[in-house]
Amino acid sequence: MSRLSIIGIVIVVVFVLVAIFAPWIATHDVGTTNLAVRYMGSSAAHWFGTDSTGRDIFSRVVFGARISLEVGIVVVTVSAIVGTIIGAVAGYYSGWVDRFLSGYFFNVFLAFPGLLLAIALVAFLGAGLNKLIFALCIIGWVGYARLIRAQVLKVREYDFVQAARALGAGDFRILFVHILPNAIQPLIVQASLGMAGAVLSEASLSFLGLGVPPPAPSWGVMIEEARDLSTLQAAPHALIFPGLAIALTVLAFNFIGDGLREYLDPRQRRR
Amino acid sequence: MKHKLFGIIRRAGLLVLVVWTVVSLVTILIELVPGDPAIAVLGEQATPEQLAQFRAKHGLDRPAFLFGFPRDENSQRHFRWYGLSNRYDDYWVAILHGDLGTSFRTDRPVVDLILERYPATIELAIVAMLIAVCIAIPLGVIAGKNRGTLIDNSLSVIALVGISLPGFVIGPLLVYLFAVKLQWLPGYGLEGWQSIILPAFTLGAALSAILTRMVRSSVIEELSEGYVRTARAKGLSETTVVYKHVLKNGLIPVVTVLGLQLGVLLAGAIITEKIFGWPGLGLLLVEDGIGKRDYSVVQGCVLTISTTYILANTLTDVVYRWLDPRIRVS
């Protein structure tokens with residue numbers, strides 16, 4: 068394992084623990100405004116300072132981890148399951164099923180710029196956490212499907228698959244018991260990069276006002292609220308801390324994804 | 048030759064299918080609006096006459112598709128065939144005539160609104176790309192030539208940080224630094240040519256990081272080739288070897304990424320334009336379209352951005368195949 072992936076794992080563990088234990092870690096209520104202490108710098112009472120309405124930035128960043136983690140886990144899990152099933156069917160049956168799925172269906176989803184599709188869906192459905200998750204799943208599954216299809220195409224030619232078929236196993240059993248367990252290894256890489264993508268997309272959509280509505284402490288919302296000129300001038304830390312949180316989280320998942328890819332593909336290791 | 052022709056026809060067919068699907072998806076988006084779009088646009092206070100007039104004007108009183116399942120008096124749903132008199136059909140006929148409908152808010156043709164804003168977005172994307180290339184090629188070459196050293200490792204980490212930092216973090220930070228603190232550059236809107244620097248840098252940051260990584264691995268790969276040894280043996284200087292021989296071959300994959308990224312830049316410009324108030328297509332989509340619930344503007348923008356993206360990708364693919372015969376064979 069490379070040094071960078073270990074750094075990534077450490078950051079992700081901290082991120083997950085912070086998200087789980089947010090109510091115990093946060094020092095203030097995330098919604099309580101107090102104009103008397105607005106734009107304060109770091110202090111013993113407010114570790115990361117306060118924002119334009121006097122809310123505690125540290126507590127908001129801590130609870131923001133919860134939203135990011137929730138969106139990331141749900142989006143990656145649902146996209147991976149849906150993508151795996153569709154990709155496995157395309158790869159296993161080949162023929163016209165594959166030509167329709169990978170030749171047309173995948174291409175349509177890959178042809179759309181992902182974020183734009185999510186923006187369009189949320190723009191018409193209305194903003195909200197569940198709709199955001201739905202939109203991100205719609206754009207997320209195709210990456211997994213393409214990966215699993217390619218894997219299944221390779222694995223189904225192996226001898227043990229022929230042996231299982233000769234023993235009279237049905238399609239369902241061959242696909243899910245014999246092929247898939249041997250095909251899903253690269254999925255871990257994709258899932259790790261997918262977490263980074265989901266965290267980033269959630270923040271982007273919330274930043275555009277299309278994700279989690281304010282005053283929820285989503286990192287994207289916090290950045291949107293901190294970027295007007297008066298706040299930038301008086302309290303740049305209101306922007307820097309949530310920005311740092313997003314960057315570190317995304318970076319950590321990318322480190323892990325890159326590390327895993329190198330670990331699983333020895334050809335890349337030598338480079 | 049026959050094989051080649053078949054390939055081209057297949058590609059063109061797929062392109063048409065994809066564009067058809069995208070247009071269809073965009074036309075049915077308005078069906079997703081919870082409740083009545085007319086009420087969403089005009090507000091709860093609108094009189095029934097106003098609502099009816101609005102629906103008639105924008106075709107919202109007509110069926111959405113060739114068929115539907117409307118409710119009868121007993122709230123039961125029944126299949127009903129509408130024939131060609133439906134909104135989906137109208138939209139297609141209009142698009143083929145170069146018409147994207149009229150804005151729900153301003154009554155201006157959506158095509159005019161888009162044409163007004165499009166040049167600004169293209170300008171932003173091109174400048175962003177130039178900045179990215181100017182940063183990535185020297186950095187990538189330096190990293191590749193010094194592979195495995197401290198310089199290489201730190202450049203790789205910087206590149207990864209660049210990829211992980213989203214535009215909406217870099218953008219406001221640049222505004223804080225260059226517009227608020229140093230007051231060197233304008234931070235919002237259009238004020239002379241300097242206005243493009245911060246948005247273009249924000250938009251190009253991630254791309255420059257991706258390109259640096261690509262140039263690096265390309266240079267490493269090419270440096271081990273035989274022709275490099277020949278060039279060195281001839282006594283050419285290392286600079287000539289790298290910039291005249293290695294880069295020429297190593298830039299082929301970079302060209303593809305550039306083309307593909309043009310599409311990504313157009314989509315990413317939505318966020319950058321919002322940060323800097325850059326009057327392009329993204330701002331039209333977010334502020335005039337989504338912000339004011341002007342659904343016809345949203346449809347037009349989504350359609351324009353995604354079609355540009357698809358065409359840019361297809362074109363890159365073609366250019367790439369043409370540039371590198373090895374791909375044509377495989």
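These protein sequence lines are chains S and G, in that order. When you line the first sequence up against the working numbering, it's residues 68 to 338, in that order. When you line the second sequence up against the working numbering, it's residues 48 to 377, in that order. Just so you know, even glycine gets a beta-carbon here, dropped at the ideal spot from N, CA and C.
Between which two residues does the alpha helix (DSSP H) containing residue i stretch?
i: Phe125 (chain S); result: 124-160
i: Arg102 (chain G); result: 95-104
i: Asn200 (chain G); result: 197-211
i: Glu269 (chain S); result: 252-274
i: Phe172 (chain S); result: Where Phe172 (chain S) is concerned, there is no enclosing alpha helix (DSSP H), given that its DSSP letter is neither H nor E.
i: Asn197 (chain S); result: 196-222
i: Gln123 (chain G); result: No alpha helix (DSSP H) contains Gln123 (chain G), which DSSP labels as neither H nor E.
i: Trp240 (chain G); result: Neither: Trp240 (chain G) is in no alpha helix (DSSP H) and is coded neither H nor E.
i: Val157 (chain G); result: 157-192
i: Gly278 (chain S); result: No alpha helix (DSSP H) holds Gly278 (chain S); DSSP gives it neither H nor E.
i: Val228 (chain S); result: 226-233
i: Pro136 (chain G); result: As written in the sequence, residue 136 (chain G) is Asp, which differs from the Pro given in the question. Asp136 (chain G) -> alpha helix (DSSP H) spans 134-143.
i: Ile340 (chain S); result: Beyond the ends of chain S as shown, which are 68 and 338, falls residue 340 (chain S); an answer cannot be given.
i: Asp325 (chain S); result: 304-331
i: Met107 (chain S); result: Premise fails: Met107 (chain S) is in no alpha helix (DSSP H) and is neither H nor E.
i: Tyr274 (chain G); result: 273-280
i: Lys321 (chain G); result: 299-323
i: Gln230 (chain G); result: Note, Gln230 (chain G): premise wrong, no alpha helix (DSSP H); not H, not E.
i: Phe179 (chain S); result: Counting along the chain, Phe179 (chain S) falls outside any alpha helix (DSSP H), and DSSP gives it neither H nor E.
Would residue i pass as a contact of residue j if the rule is Cβ separation under 8 angstroms?
i: Ile186 (chain S); j: Leu315 (chain S); result: no
i: Val344 (chain G); j: Val157 (chain G); result: yes
i: Ala183 (chain G); j: Leu250 (chain G); result: no
i: Val97 (chain S); j: Ala132 (chain S); result: no
i: Ser340 (chain S); j: Ser285 (chain S); result: Beyond the ends of chain S as shown, which are 68 and 338, falls residue 340 (chain S); an answer cannot be given.
i: Val266 (chain S); j: Ser135 (chain S); result: yes
i: Ala293 (chain S); j: Leu277 (chain S); result: no
i: Ala208 (chain S); j: Ile153 (chain S); result: It should be noted that the sequence gives Trp, not Ala, for residue 208 (chain S). Yes, they are a contact pair.
i: Phe258 (chain S); j: Gln218 (chain S); result: Reading off the sequence, residue 258 (chain S) comes out as Ala, not Phe. No, the Cβ-Cβ distance between Ala258 (chain S) and Gln218 (chain S) is not below 8 angstroms.
i: Val142 (chain S); j: Ala319 (chain S); result: no
i: Ile215 (chain S); j: Thr151 (chain S); result: yes
i: Tyr211 (chain S); j: Leu247 (chain S); result: no
i: Val301 (chain G); j: Phe179 (chain S); result: no
i: Thr355 (chain G); j: Gly310 (chain G); result: yes
i: Ile357 (chain G); j: Val65 (chain G); result: yes
i: Leu313 (chain G); j: Thr168 (chain G); result: yes
i: Val289 (chain G); j: Val208 (chain G); result: no
i: Val222 (chain S); j: Arg328 (chain S); result: no
i: Ala253 (chain G); j: Gly306 (chain G); result: no
i: Leu122 (chain S); j: Thr99 (chain S); result: Inspection of the sequence shows that residue 122 (chain S) is occupied by Arg rather than by Leu. Yes, Cβ-Cβ distance for Arg122 (chain S) and Thr99 (chain S) is below 8 angstroms.
i: Val138 (chain S); j: Ile87 (chain S); result: no
i: Ala87 (chain G); j: Phe101 (chain G); result: no
i: Phe151 (chain G); j: Asp341 (chain G); result: yes
To the nearest whole angstrom, what separates the beta carbons of residue i and residue j, a pair I think is in contact under 8 angstroms?
i: Gly32 (chain G); j: Lys321 (chain G); result: Any answer about residue 32 (chain G) is impossible in this case: the structure gives chain G only from 48 up to 377.
i: His245 (chain S); j: Ser109 (chain S); result: His245 (chain S) to Ser109 (chain S), Cβ: 57 angstroms. No contact.
i: Gly324 (chain G); j: Arg164 (chain G); result: Incorrect: roughly 13 angstroms between the Cβ atoms, too far for contact.
i: Gly297 (chain G); j: Ser265 (chain G); result: 3 angstroms
i: Pro117 (chain G); j: Arg134 (chain G); result: Pro117 (chain G) to Arg134 (chain G), Cβ: 14 angstroms. No contact.
i: Gly75 (chain S); j: Val216 (chain G); result: Their Cβ separation, rounded to whole angstroms, is 19 angstroms, which puts Gly75 (chain S) and Val216 (chain G) out of contact at 8 angstroms.
i: Leu362 (chain G); j: Cys348 (chain G); result: Not really, about 21 angstroms apart at Cβ, beyond 8 angstroms.
i: Pro219 (chain G); j: Ser271 (chain S); result: In fact, because the Cβ distance is near 13 angstroms, the residues do not count as touching under 8 angstroms.
i: Val275 (chain G); j: His292 (chain G); result: 7 angstroms
i: Leu171 (chain G); j: Ile243 (chain G); result: 7 angstroms
i: Ile161 (chain G); j: Phe248 (chain G); result: Contact doesn't hold; Cβ gap of about 26 angstroms is too wide.
i: Ala263 (chain S); j: Asn321 (chain S); result: 5 angstroms
i: Ala302 (chain S); j: Asp118 (chain S); result: 7 angstroms
i: Pro90 (chain S); j: Gly195 (chain S); result: Not confirmed; about 23 angstroms, so no contact.
i: Ala202 (chain S); j: Leu188 (chain S); result: 4 angstroms
List, in chain order, every chain G residue whose beta-carbon is nearer than 7 angstroms to that of residue i.
i: Asn174 (chain S); result: Leu61, Val65
i: Ser271 (chain S); result: Pro213, Phe215, Ile318
i: Pro303 (chain S); result: Tyr223
i: Gln300 (chain S); result: Val227
Along chain S, which residues have their Cβ under 7 angstroms away from the Cβ of residue i?
i: Ala314 (chain G); result: Pro180, Leu182, Leu183
i: Thr68 (chain G); result: Val175
i: Val26 (chain G); result: Residue 26 (chain G) is absent from the structure shown; chain G starts at 48 and stops at 377.
i: Lys321 (chain G); result: Leu275
Starting from the beta carbon of residue i, find every residue of chain S whose beta carbon is closer than 8 angstroms, and list them in chain order.
i: Leu79 (chain G); result: Leu188, Phe191, Leu192
i: Tyr356 (chain G); result: Ala178, Phe179, Pro180, Leu183
In chain G, what lies closer than 9 angstroms to residue i by C-beta?
i: Ala314 (chain S); result: Val208, Ser211, Leu212, Pro213, Val216
i: Leu136 (chain S); result: Result: empty, since nearest Cβ-Cβ is about 17 angstroms, beyond 9 angstroms.
i: Thr171 (chain S); result: Reading off the sequence, residue 171 (chain S) comes out as Tyr, not Thr. The answer, in chain order, is Leu61, Leu64, Val65, Thr68.
Residue i versus chain G: which residues are under 8 angstroms apart at the beta carbon?
i: Asn321 (chain S); result: Leu207, Ile210, Ser211
Please confirm if residue i has its CB atom under 8 angstroms from at least one CB of chain A.
i: Ile352 (chain G); result: Chain labels in this structure do not include chain A; the protein chains are S and G.
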